[in-house]
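Chemist:
There are 2 protein chains.
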Amino acid sequence: MLDQDNFTEARDIGADLRAAIAAGDAERIAALLDPLPYSEALREFLALPPEARDDVLKLVPVELAADLIEEAPYEMAAELVERLEPERAAEILEELDSDVQADVIGEMDAEDAEAVLSEMDAEDAADVRRLAAYEDDTAGGLMMTEVFQFSDKDTVGKVLRALASDDEDFERYRGQHPYIVDDAGVPVGVVSLRGLLTAKRSSNLTEIMVTPLTVPVDMPLEKLEDIFNDYPFLGVPVVDADGLLVGVISRSAVADAVLERSESESLKRQGVVGDELRSMPTWLRSRRRFAWLSANIVLNIVAASVISAYEDTLSAVIALAVFLPMVSDMSGCSGNQAVGVTMRELSLGLVRPMDAFRVWLKEISVGVINGIALGVLIGVVAWVWKGNPALGLVIGAALALNTMLAVSIGGVVPLLLKRLGQDPAAASGPLLTTVTDMAGFFFVLSFATLMMPWLI
Amino acid sequence: MLDQDNFTEARDIGADLRAAIAAGDAERIAALLDPLPYSEALREFLALPPEARDDVLKLVPVELAADLIEEAPYEMAAELVERLEPERAAEILEELDSDVQADVIGEMDAEDAEAVLSEMDAEDAADVRRLAAYEDDTAGGLMMTEVFQFSDKDTVGKVLRALASDDEDFERYRGQHPYIVDDAGVPVGVVSLRGLLTAKRSSNLTEIMVTPLTVPVDMPLEKLEDIFNDYPFLGVPVVDADGLLVGVISRSAVADAVLERSESESLKRQGVVGDELRSMPTWLRSRRRFAWLSANIVLNIVAASVISAYEDTLSAVIALAVFLPMVSDMSGCSGNQAVGVTMRELSLGLVRPMDAFRVWLKEISVGVINGIALGVLIGVVAWVWKGNPALGLVIGAALALNTMLAVSIGGVVPLLLKRLGQDPAAASGPLLTTVTDMAGFFFVLSFATLMMPWLI
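Sequence order for the protein chains is A and B. According to the numbering used here, the first sequence is numbered sequentially starting from 1. According to the numbering used here, the second sequence is numbered sequentially starting from 1001.
(1) If I'm right that Thr-214/A touches Gly-189/A with Cβ under 8 Å, what's the distance once you round it to whole angstroms?
(2) How would you call Ala-23/A, buried or exposed, if buried means at least 16 neighbouring beta carbons within 10 angstroms?
(3) Output yes or no for whether 9 Å exceeds the beta carbon distance between Ser-1266/B and Ser-262/A.
(4) For Ile-1000/B, report the span of its beta strand (DSSP E) as first-last.
(5) Going by the beta-carbon positions, is the gap between Val-1254/B and Glu-1225/B smaller than 9 Å?
(6) For the beta strand (DSSP E) containing Pro-389/A, list its first residue and its last residue.
(7) According to DSSP, is Gln-1149/B helix, strand or coil?
(8) For Leu-245/A, report the span of its beta strand (DSSP E) as first-last.
(9) Output yes if chain A places a C-beta closer than 9 Å to the C-beta of Lys-1362/B; else output no.
(10) At a CB distance below 8 Å, what residues from the region 367-387 of chain A approach chain B? Give them in sequence order.
(11) The ligand ADP and Lys-418/A: does any heavy atom of the ligand fall closer than 8 Å to the residue's C-beta?
(12) If you measure from the beta carbon of Ala-304/A to each beta carbon in chain B, is any gap under 9 Å?
(13) Check whether the Cβ of Thr-1436/B lies closer than 9 Å to any Cβ atom in chain A.
(14) What residues in its chain sit with their C-beta under 7 Å from that of Trp-383/A, if we drop five residues either side in the sequence?
(15) Going by CA-CA distance only, name the one from Asn-402/A, Ala-72/A, Val-100/A that's closest to Asp-329/A.
(16) If you run the structure through DSSP and keep just helix, strand and coil, what is Gly-1189/B?
(17) Entirely within the region 1035-1122 of chain B and at least 4 residues each: give me those alpha helix (DSSP H) ranges in chain order.
(18) Looking at chain B, which residues of the region 306-319 of chain A have a Cβ within less than 8 Å of any of its Cβ atoms?
(19) Output needed for Thr-449/A: all residues of its chain with C-beta closer than 8 Å, excluding positions within five of it in sequence on either side, in chain order.
(20) Between Arg-285/A and chain B, is any beta-carbon pair separated by less than 9 Å?
(21) Quick check: what's the CA-CA separation for Val-1359/B versus Leu-277/A?
(22) Which of the three DSSP states, helix, strand or coil, is assigned to Pro-232/A?
(23) At a CB distance below 9 Å, what residues from the region 69-102 of chain A approach chain B? Give them in sequence order.
(24) Determine the DSSP secondary structure at Pro-281/A, reduced to helix, strand or coil.
(25) Can you tell me the Cα-Cα spacing of Ser-1279/B and Glu-363/A, whole angstroms?
(26) Can you tell me where the alpha helix (DSSP H) holding Glu-1363/B begins and where it ends?
(27) Is it the case that the Cβ atoms of Leu-1431/B and Asp-1355/B are separated by a distance below 9 Å?
(28) Considering only their Cβ atoms, is the gap separating Leu-324/A from Ala-1319/B smaller than 9 Å?
(29) Going by the CB atoms, is the gap between Leu-33/A and Leu-68/A shorter than 9 Å?
(30) Secondary structure at Pro-212/A, three-state DSSP: helix, strand or coil?
(31) If you draw a straight line from the C-alpha of Ala-184/A to the C-alpha of Pro-237/A, how long is it?
(32) I need the DSSP call for Val-1327/B, collapsed to helix, strand or coil.
(33) Expressed to the nearest angstrom, what Euclidean distance is found between the alpha-carbon atoms of Val-1317/B and Ala-1397/B?
(34) Considering only C-alpha positions, which residue in the set Glu-114/A, Lys-158/A, Ala-102/A is nearest to Met-137/A?
(35) Kindly indicate the opening and closing residues of the alpha helix (DSSP H) around Gly-1349/B.
(36) Which residue's Cα is closest to the Cα of Ala-41/A: Ala-1019/B, Trp-1283/B, Leu-1350/B, Ala-1291/B?
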């Protein structure tokens, strides 16, 4: 059992590790990495140059290599595995559960994936191919094919012997209950530990089993969340279109997928589509980020055209140029707050697209209060700074109005995008910013045009 | 067992529900809400006006009320419970596990919390008071006090009888193994299911137990993540400073806490501090959002002062005003992408504050590529739009440089804030934006001042 001090103190093993790799000392490498928590072992491993990483994965015992691969995000795991000989890659992947295998292989280039699959055990490879065909965030994409499974002819004693034997490990199955299938492969029952312990060993499992809750392979993550939320089960059997048992989805697989979705959405809201990691090739990272930025630049040009239309007003009152970015930025911030709250309530399942009007009412009440407060604040600043009360009025009124507009859009747009089947995480921000920029510039410059006699 | 159609189709029960509440028909209310997944039941419940919600919680069976309270985020659950009579509130809370009780009561006003605690079972109330004293994201704050616990004098038979009896439910303990404590209350062992099934019923538990991995009450969430990552355990016993067993932390409690932290950080990055929900009072939502906005407005004024310093340049070349917000906004976007990736890598445990230089190298390589690409793009736009190649050069060069600066700051600042013990989620964005705004304005306006002969 691992010593707890390992969790409280991180030693710097980088130099030792490099030396061991240079010396090709497999035992020493394993001795350095093995005692670390997986996350630290991975971090030390990633701090190595790519060739040294390859060496580590080639040299260390296959279990340790598999631990490192399993701990890495899938995209990174795929990259690491692609660099290895297919034989070694297959050997490492064989150590992992089928769902992890499928996720890693699913991220690999088709050619590399084929090379590795052809080196794997035929049955495992078939499982991976089958799993890879399912959509990521569905029961099929998240399930494992390892099922703690018995026939409806089996007895209680057989299950107890399996539990007591060395090759069946309750935890390997992530807390699965024993499932009973009929001759066709349809899950017909599940037995509880209590049932097993209170029944006679000679009893047939059908005597103590209850009908299991099953989910179809195409059930989306959101529904799976609901199910694990409503039932205390650690695993739920998954059936295909014919009702046959094809795998089991575990509570922890769903929890991991939910967390990953949350992180990925959060990244998309920052303008990073495609779960970037810095270990990815620079050109790929640049290209993905640039794709989003170049769409954004178009929106920015649209917004800036509003300023361009009012160049006369601007040259008459050059101080306006000082406040234009401020009004658009502050409104953008207010709107982003509303986007954040709506995205959170969406992910908590507290709102649905049909609630848009109720959300708007809640937002506009905050928008009126904060719009007026911010408007007064910036109005006074503008007045005092530039010594012109009319300028304060123009800027303050523009920010107040634009804040109300921004929170309205920010609160509601994610819901509308969701209803339209679009991804609210990636699109809400740019849409919001463009509208609030345009409106902010328009409010400031058109109010200024109206108030021109008092401004100059 | 619940019919699966409930998960695939949402019926609109709002009108029926309102009618049942108006009629005070408790049975009908329960009949409408009970078959729904918890998340949908909660959504229907929240769509009701506050008084109707109170009625529902008063009228329905206490188990259903507890399900609704448990499904709600804690802040919301606390609000709902505060509105009830303390007797009813206590009755509902008694249905929940100790960790949930403590979380909900911890969010209540001290006075209301006391009123409810005094109505609760004395032992439960003492547990809640004890749990409430621990920090939120530590083992103590996340553990439950319900432990599947035996004495070192007990036999295997006793555990098997407990497992087979009706009051011990494996799943109620969220998959805990049986823990063995000595007379003093120190956890000395844990037994596996395999051990229980292969040993004689008359054996003493000490014969088959192994030393358990334990964690101290003050272990932070990050370390707990590592532990559950490294071991397949569904639960880990928690000990106090004297080594006594005080609770068990479950895998799912850690997973939930990690998800909550991720959502909360994501919200903070959008400028919402304090896990806002729209059911909270308007003034509270306004005040929290305003606190962040008003700090931001100060930063905006600082940035705008750069523009103000160059008013002469601006009035000579008014077209610059069109591009100022564009340069600052685009750089902000590039920087935010870098912030997003660093925050993700921090939460995946792939980087640490000490990796700042390595992160910067990775960022600047993307920054150079995207800076040049964006600079050329916007430079050409400015040239063609305003018919002035020098303007294109000024704007393009400014954006290129500022993009490189922005990704450098965006990639590294979260790490520096973390090292300084600050919260990178809340502070990275505003810091980044202020610096990139100032630098963007400065680059555009100072380059323009230098290039003035070719611009006018």
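We treat Cβ as the ideally placed atom computed from N, Cα and C, and that holds for glycine.
Modeler: In brief:
(1) Indexing the first sequence from 1 puts residue 214/A at position 214. Indexing the first sequence from 1 puts residue 189/A at position 189. So it is not a contact: roughly 11 Å between Cβ atoms.
(2) The residue labelled residue 23/A in the question sits at position 23 within the first sequence. Around the beta carbon of Ala-23/A, fewer than 16 other beta carbons lie within 10 angstroms, which makes this residue exposed.
(3) Locating residue 1266/B in the second sequence gives position 266, counting from the first residue. Locating residue 262/A in the first sequence gives position 262, counting from the first residue. Closer than 9 Å, so yes.
(4) The requested residue 1000/B is not part of the displayed model; chain B covers only 1001 to 1456.
(5) The residue given as residue 1254/B occupies position 254 in the second sequence. The residue given as residue 1225/B occupies position 225 in the second sequence. Cβ distance < 9 Å, so Val-1254/B and Glu-1225/B count as in contact.
(6) Here residue 389/A is taken as the residue at index 389 of the first sequence, counted from 1. No beta strand (DSSP E) holds Pro-389/A; the alpha helix (DSSP H) holding it covers 389-419.
(7) Position 149 of the second sequence, counting from 1, holds the residue named residue 1149/B. Residue state, collapsed to three classes: strand.
(8) Residue 245/A sits at position 245 when you count from the first residue of the first sequence. Here the beta strand (DSSP E) through Leu-245/A covers 245-250.
(9) As a first step, residue 1362/B must be located in the second sequence, where it is residue number 362. Yes, its Cβ sits closer than 9 Å to a Cβ of chain A.
(10) Going along the region 367-387 of chain A in chain order, one finds Ile-369, Asn-370, Ala-373, Leu-374, Leu-377, Ile-378, Val-381, Trp-385 with a Cβ nearer than 8 Å to chain B.
(11) This structure simply doesn't include the ligand ADP, nor any ligand for that matter.
(12) Locating residue 304/A in the first sequence gives position 304, where the first residue counts as 1. Yes, Ala-304/A counts as interfacial toward chain B.
(13) Here residue 1436/B refers to the residue found at position 436 when the second sequence is read from its first residue. No, Thr-1436/B does not count as interfacial toward chain A.
(14) Your numbering for residue 383/A matches position 383 in the first sequence. Answer for Trp-383/A: Pro-389, Leu-391, Gly-392, listed in chain order.
(15) Translated into the one-based positions of the first sequence, residue 329/A becomes position 329. The alpha carbon of Asp-329/A has as its nearest neighbour, out of Asn-402/A, Ala-72/A, Val-100/A, the alpha carbon of Asn-402/A.
(16) To locate residue 1189/B, count along the second sequence from 1; it is residue 189. Shown here, Gly-1189/B sits in a strand according to DSSP, grouped into three states.
(17) Counting only runs of 4 or more, we get 1038-1046, 1050-1059, 1062-1071, 1074-1082, 1086-1093, 1098-1106, 1110-1119.
(18) Of all residues in the region 306-319 of chain A, only Ile-307, Ser-308, Glu-311, Leu-314, Ser-315, Ile-318, Ala-319 place a beta-carbon less than 8 Å from a beta-carbon of chain B.
(19) If you number the first sequence from 1, residue 449/A lands on position 449. The residues are Tyr-310, Thr-313.
(20) Numbered from 1 along the first sequence, position 285 holds the residue referred to as residue 285/A. So yes, Arg-285/A belongs to the interface.
(21) For the purposes of this step, residue 1359/B is identified with residue 359 of the second sequence, where counting begins at 1. For the purposes of this step, residue 277/A is identified with residue 277 of the first sequence, where counting begins at 1. Cα to Cα, Val-1359/B sits roughly 11 Å from Leu-277/A.
(22) Counting from one through the first sequence, the residue named residue 232/A turns up at place 232. Correct three-state label for Pro-232/A: coil.
(23) Only those residues of the region 69-102 of chain A whose C-beta falls short of 9 Å from the nearest C-beta of chain B are listed: Glu-71, Ala-72, Pro-73, Met-76.
(24) Locating residue 281/A in the first sequence gives position 281, counting from the first residue. The three-state reading of DSSP puts Pro-281/A in coil, since its state is none of H, G, I, E or B.
(25) Against the second sequence, residue 1279/B aligns to sequence position 279. Against the first sequence, residue 363/A aligns to sequence position 363. Taking the straight line joining both Cα atoms gives about 11 Å.
(26) Locating residue 1363/B in the second sequence gives position 363, counting from the first residue. 1356-1386 is the span of the alpha helix (DSSP H), which, as asked, contains Glu-1363/B.
(27) On the second sequence, residue 1431/B is found 431 positions in, with the first residue counted as 1. On the second sequence, residue 1355/B is found 355 positions in, with the first residue counted as 1. For the 9 Å CB-CB criterion, Leu-1431/B and Asp-1355/B do not form a contact.
(28) Counting from one through the second sequence, the residue named residue 1319/B turns up at place 319. Counting from one through the first sequence, the residue named residue 324/A turns up at place 324. The answer is no: Cβ separation not under 9 Å.
(29) Here residue 68/A corresponds to residue number 68 of the first sequence, with the count starting at 1. Here residue 33/A corresponds to residue number 33 of the first sequence, with the count starting at 1. Yes, the Cβ-Cβ distance between Leu-68/A and Leu-33/A is below 9 Å.
(30) Position 212 of the first sequence, counted from the first residue, corresponds to residue 212/A. Note: Pro-212/A maps to coil in three-state DSSP.
(31) For the purposes of this step, residue 184/A is taken as residue 184 along the first sequence, with counting starting at 1. For the purposes of this step, residue 237/A is taken as residue 237 along the first sequence, with counting starting at 1. Going from the Cα of Ala-184/A to the Cα of Pro-237/A covers about 16 Å.
(32) Residue mapping note: residue 1327/B aligns to position 327 of the second sequence, counting from 1. Three-state DSSP puts Val-1327/B in a helix.
(33) Translated into positions along the second sequence, residue 1317/B becomes position 317. Translated into positions along the second sequence, residue 1397/B becomes position 397. Using only the alpha carbons, I get a separation of about 17 Å.
(34) On the first sequence, residue 137/A is found 137 positions in, with the first residue counted as 1. The question names Met, yet the displayed sequence has Asp at residue 137/A. For the set Glu-114/A, Lys-158/A, Ala-102/A, the Cα lying nearest the Cα of Asp-137/A is the one of Ala-102/A.
(35) As a first step, residue 1349/B is located in the second sequence; it is residue number 349 there, counting from the start. Run containing Gly-1349/B: none; DSSP gives neither H nor E here.
(36) Position 41 of the first sequence, counted from the first residue, corresponds to residue 41/A. Looking at the Cα atoms, Leu-1350/B is the closest of the given residues.
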